[in-house]
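Heads up, the thing below is written out as structure tokens.
Chains as they are written, first to last, in the numbering used here: chain A, 1 to 276; chain B, 1001 to 1138.
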């Protein structure tokens, strides 16, 4: 599959269909994101699904793609993308961080093992060009056991888990969707600065709520967490609730706007209004 | 303990509807439980989820949000976002182990003074049943 992708990318670059390709490069035994500009460089291109997403927004508070698009308007960028990469691109485009029209997604599918490791619900992109689709893992599995316990147990569980937090901001920094220039989690009004652990549950509550309609389930936050807090139990639960209440899933359709952001619907949540 | 438990409730009331309704209930001398500490907001849509969790964290046993009926909002669609926000905050509270019945959103218009006292009495009874907020002092 790697050779196929290399050949495809070389063709695209030499025929000038696209100007640059954003992917992973191996050099001296290390793999890092790289912007390929010449077809000759593409021999060192690596295609692997085990490396993290390369669209994180920190520390510049912008993704590399939005910086590129701002500096070189009209630049056609090819991006080698897995399922999660593509969802991140779609969601970034919805938030007007990048222009999806100028981005060519070169999609490849992850294998079953990788999908299981990431607990990925959709381990293939919509623009699938290489590899074969494997079925994703149902989202419910991640939070079923937690939601089956009583409220008291859940509170204790989260109190124990979230008290481990060392406020390293790893979850936010690794997140492809956290592009806010002014992060609530840094403001002393909401979180006491210079104090550990952060107040339960305010600190994480901010992120959980902000991610409810944006989370694309790439799992980078949980992988980045040095204290192994099972953050995805809640992000997955909220994602399933968004689907249940609003019929909305982030990262799948570039035309579908987040229901939290718009108030243009005449009579929102008709069935839900009786419940409250 | 359970019998003499007097809950503390923080009420975020919209300036244009529910706050006026609370005023009306007072003027009409309608009885309602004195457990509610009212905070007047310009719109129920101005109630950030952070206010809700902060109130619960700092010891409130319940949070009440009162706004105009859908379609009557002084700012056209302010209460739409309140509704959508509460719809997401409730499952989030549940997932963290806090009973979502501690948060209540109600549409009460300026002329519904009796409705206001009725709803608050109901809510206070509900919180009394649920007991003190487990988040207090954690």
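By construction, the Cβ of each residue, glycine as well, lies at the ideal position given by its N, Cα and C atoms.
Bear in mind the structure is a predicted one, so any value in this text is a computation, not a measurement.
Within the same chain, Cβ atoms closer than 6 Å to the Cβ of residue 222 of chain A are found at 231, 232, the five residues on either side in sequence being excluded. Per the coordinates, the alpha-carbon of residue 209 of chain A lies some 31 Å from the alpha-carbon of residue 102 of chain A. Taking the Cα of residue 1064 of chain B as reference, the smallest distance to any Cα among B:1081, B:1051, B:1132, B:1004 is reached at B:1051. No Cβ of chain A is located within less than 8 Å of the beta carbon of residue 1121 of chain B. Using a C-beta cut-off of 8 Å, the stretch 246-264 of chain A makes no contact with the stretch 133-152 of chain A, since fewer than three inter-stretch Cβ pairs fall below that distance. In the pairwise beta carbon analysis, the stretch 182-196 of chain A is classified as not touching the stretch 1029-1045 of chain B: fewer than three pairs are separated by under 8 Å. Within the stretch 1068-1081 of chain B, the residues whose Cβ lies closer than 7 Å to any Cβ of chain A are, in chain order, 1070, 1077, 1080, 1081. Scanning B:1004, B:1083, B:1061 for the CA closest to the CA of residue 1069 of chain B turns up B:1083.
The straight-line gap separating the alpha-carbon atoms of residue 1079 of chain B and residue 1110 of chain B is approximately 15 Å. Annotated as distal: residue 5 of chain A and residue 13 of chain A, with beta-carbon spacing of 8 Å or more. Nearest to residue 226 of chain A by alpha-carbon distance, out of A:166, A:217, A:256, is A:166.
Closer than 8 Å to the CB of residue 201 of chain A there is at least one CB belonging to chain B.
Residue 26 of chain A carries a strand assignment under DSSP once its states are collapsed to helix, strand and coil.
Residue 153 of chain A: member of the alpha helix (DSSP H) spanning 151-162, first to last residue. Contact between residue 199 of chain A and residue 1057 of chain B holds: their C-beta atoms lie close to 7 Å from each other, under 8 Å.
Note on residue 1031 of chain B: under 16 other CB atoms within 10 angstroms of its CB, so exposed under the neighbour-count rule. By the criterion of a C-beta distance shorter than 6 Å, residue 240 of chain A is surrounded in its chain by 139, once the five residues flanking it on both sides are discounted. One alpha carbon belongs to residue 1016 of chain B, the other to residue 1043 of chain B, and they sit about 8 Å apart. Taking a C-beta distance under 8 Å as the contact criterion, residue 1097 of chain B and residue 1007 of chain B do not qualify as a contact pair. Chain B has a Cβ within less than 8 Å of the Cβ of residue 158 of chain A. Residue state for residue 91 of chain A is assigned as helix, using DSSP reduced to three classes. Checking the DSSP bridge columns, you'll see residue 35 of chain A partnered with A:22. For residue 1041 of chain B, no alpha helix (DSSP H) segment is defined; the enclosing uninterrupted segment is the beta strand (DSSP E) at 1036-1041. Secondary structure at residue 81 of chain A: strand, using DSSP grouped into helix, strand and coil.
With respect to residue 1060 of chain B, residue 1108 of chain B sits apart: the two C-beta atoms are not nearer than 8 Å.
Contact between the stretch 258-272 of chain A and the stretch 1085-1101 of chain B is present: 3 or more CB-CB pairs across the two stretches fall below 8 Å.
Annotation for residue 133 of chain A: 109, 124 place their beta carbon closer than 7 Å to its own, counting only its chain and skipping 5 residues before and after. Within the model, the alpha-carbon separation for residue 45 of chain A versus residue 16 of chain A is close to 18 Å. Around residue 1061 of chain B, no beta-carbon contact reaches into chain A at under 8 Å, the shortest distance being about 15 Å.
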